[in-house]
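Chains as they are written, first to last, in the numbering used here: chain G, 1 to 206; chain V, 1 to 206.
2 protein chains.
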Amino acid sequence: MPRIIAERADTLPAIAEVFREYGYEGASLALIGKATGLGKGSLYHFFPGGKEEMASAVLAEIDGWFETHMFGPLRDSREPERAIETMFDSVESYFRSGRRVCLVGVIALGDARERFAQPVSGYFKRWVDALADALVRSGRDRLPARALAEEVVAGIQGAIVLARALDDPGAFGRTVTALRVKTRPEPKVSRAASRTRDRSHTRRQG
Amino acid sequence: MPRIIAERADTLPAIAEVFREYGYEGASLALIGKATGLGKGSLYHFFPGGKEEMASAVLAEIDGWFETHMFGPLRDSREPERAIETMFDSVESYFRSGRRVCLVGVIALGDARERFAQPVSGYFKRWVDALADALVRSGRDRLPARALAEEVVAGIQGAIVLARALDDPGAFGRTVTALRVKTRPEPKVSRAASRTRDRSHTRRQG
DNA sequence: GTCTATAGATCGATAGAC
DNA sequence: GTCTATCGATCTATAGAC
Chain G
1 MPRIIAERAD TLPAIAEVFR EYGYEGASLA LIGKATGLGK GSLYHFFPGG
51 KEEMASAVLA EIDGWFETHM FGPLRDSREP ERAIETMFDS VESYFRSGRR
101 VCLVGVIALG DARERFAQPV SGYFKRWVDA LADALVRSGR DRLPARALAE
151 EVVAGIQGAI VLARALDDPG AFGRTVTALR VKTRPEPKVS RAASRTRDRS
201 HTRRQG
Chain V
1 MPRIIAERAD TLPAIAEVFR EYGYEGASLA LIGKATGLGK GSLYHFFPGG
51 KEEMASAVLA EIDGWFETHM FGPLRDSREP ERAIETMFDS VESYFRSGRR
101 VCLVGVIALG DARERFAQPV SGYFKRWVDA LADALVRSGR DRLPARALAE
151 EVVAGIQGAI VLARALDDPG AFGRTVTALR VKTRPEPKVS RAASRTRDRS
201 HTRRQG
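Below you can see the structure in the form of structure tokens.
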């Protein structure tokens, strides 16, 4: 299986897949070499820091992808509700119905967590913040927006675990759909609804 | 640090912690030996099948603990709502606010997943089934009960990921509390509420 | 730049003394 | 039962030829 590797960045997708499949510890240079089609010499030429630098580069690329395709739109979009829907679309396609794991989550669970604490926490913090931001701009109060954002991000991570554990991609889709529905503007009325400002899309019930 | 190891079962808690902390691949026999206070000779005396048998034994013990303390009560309790509350209490103390990871979830995400596919899927399947059962007996319709059960189990797994990633145990507590509230009988008035009471619980086999 | 060869450490697992 | 010694394999990383 020949591969065209012209520069360092071209190796990252293949390396990322190895880390996803085997975890940080389990991803050996032999596996990475096979996936990229490069020998150790070439790998150390691109990544003098060895495996740790490879993982850092992969995490940075993943972070950049999410920043561009999800976090940014969530923060900046004039249509926050649409950005949220797009986020769920991206989540479903990116994680391939739970068949593809979240490398950041995998590292968070493993013993390499402390080594990559900053990129890992930054990724999840910005995800939660950006989603909470969009929820606030779509009319929710600050506190429940943050709570819901945490719940959604956690739920997505858990959906991956569950889908892989059950070997049932449907479990991913069902859970994510439930989360998606929950972020939509609710017609439901709560005790705090009486003091809400002007939420034109909320209507009373009962 | 001396340890009293009289029989095989006494080693399991220490071994489980090593697997939790380092994952299946990362848990070396040297680490397991240090944690148990036993040499490799003793470990192979207790576990002739080596590391794989150690992991199987640990998974079986974890499964047994959850079966006894959570799944069983969820299925059998005369007070399903109370069993659900107890489940959340057990979850919060067992996972220590997300500081302790779920070994079954960790294995589900890693490359050892296929090797332990049966115990891993069985654990999560029985958790979802038992919780759905309790939700049905507490008055919910079958389909939404299953959906909610999946969402709760996934949410707990995700809460562990998020809490560890953010290094914020509070994130675990907040998310789990939100899930707990969601499983309580809702005072909310829905269209189906009037006809749920007389619903037949009998179902066909298979 | 990319390769092979290899160092030095550690891996899982085994053998045998006691 | 528990230990030490040790095997062969594999690990990350480096060195040097080309």
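Each residue gets a CB set at the ideal place from its N, CA and C atoms; glycine is no exception. Owing to the predicted nature of the structure, the values given are computational and were not obtained by experimental measurement.
Which residues of the stretch 143-170 of chain G have a Cβ closer than 7 Å to any Cβ of chain V? Give them in chain order.
For chain V, the residues of the stretch 143-170 of chain G that bring a beta carbon within less than 7 Å of one of its beta carbons are A147, E150, E151, V153, A154, G155, I156, Q157, G158, A159, V161, L162, R164, A165, L166, D167, in chain order.
Below 8 Å on the Cβ atoms is my guess for V101(G) versus R164(G); work out the distance and round it to an integer in Å.
That pair is a contact at about 7 Å.
Does any residue of chain G bring its CB to less than 8 Å from the CB of G110(V)?
yes
Between the C-alpha atoms of A57(V) and D167(V), what's the straight-line distance to the nearest angstrom?
Spanning the two alpha carbons is a distance of roughly 30 Å.
If you check the beta carbons only, do A16(G) and I62(G) fall under 8 Å apart?
yes
Determine the direct distance from the alpha carbon of I160(G) to that of R96(G), and round the result to whole angstroms.
10 Å
Could you say which of A171(G), G173(G), L148(G) lies nearest to L179(V) if we only look at CA atoms?
The shortest C-alpha separation from L179(V) is found at L148(G).
Count the other CB atoms, across all protein chains shown, that sit within 10 Å of the CB of E7(G); report buried if there are 16 or more and exposed otherwise.
So E7(G) counts as exposed.
Span separating the alpha-carbon of A112(V) from that of D133(V):
30 Å
Contacts of T175(V) in chain G (Cβ-Cβ under 7 Å)
E150, E151, A154
Considering only the alpha carbon of each residue, which of Q157(G), L12(G), A145(G), W127(G) lies closest to P73(G)?
W127(G)
Along the alpha helix (DSSP H) that carries H45(V), what are the first and last residues, could you check?
Here the alpha helix (DSSP H) through H45(V) covers 40-46.
So, are the CB atoms of L59(G) and V18(G) less than 8 Å apart?
no
Spatial neighbours of K34(V) in its chain, beta-carbon cut-off 7 Å, leaving aside the 5 residues before and after
Sequence-distant Cβ neighbours of K34(V) in its own chain, meaning closer than 7 Å and more than five residues away, do not exist here.
On a CA-only basis, which of R146(G), T177(G), G170(G) is nearest R174(V)? Give me that one, please.
When each option's Cα is compared against that of R174(V), the closest is R146(G).
With 8 Å as the threshold, decide whether the Cβ of K51(G) is near any Cβ in chain V.
So no, K51(G) is outside the interface.
Candidates L135(G), Q157(G), V120(G), G37(G), of which the one nearest R78(G) by Cα
In this structure, L135(G) is the residue among L135(G), Q157(G), V120(G), G37(G) with its C-alpha nearest to the C-alpha of R78(G).
Just the chain G side, please: which residues come within less than 9 Å of Y207(V) by C-beta, in chain order?
Beyond the ends of chain V as shown, which are 1 and 206, falls residue 207(V); an answer cannot be given.
Where does F95(V) fall in DSSP's three states?
coil
Euclidean distance between Cα positions of I156(V) and L131(V):
13 Å
Run down chain V in chain order and give the residues with a C-beta less than 8 Å from the C-beta of V106(G).
L109, G110
With the cut-off set at 8 Å, would you say L162(V) and E53(G) are in Cβ contact?
no
Tell me the start and end of each unbroken alpha helix (DSSP H) in the stretch 142-178 of chain V that is at least 4 residues and wholly inside, in chain order.
142-166
Give me the Cα-Cα distance between A108(V) and R115(V), rounded to the nearest whole angstrom.
One C-alpha to the other measures close to 10 Å.
Quick one: Cα of G153(G) to Cα of G39(V), how far?
One point to set straight first is that residue 153(G) is Val, not Gly, in the sequence displayed. Spanning the two alpha carbons is a distance of roughly 43 Å.
Whole runs of the alpha helix (DSSP H) within the stretch 62-92 of chain G, excluding any shorter than 4 residues
Those alpha helix (DSSP H) runs which fall completely within the stretch 62-92 of chain G and span 4+ residues are 72-76.
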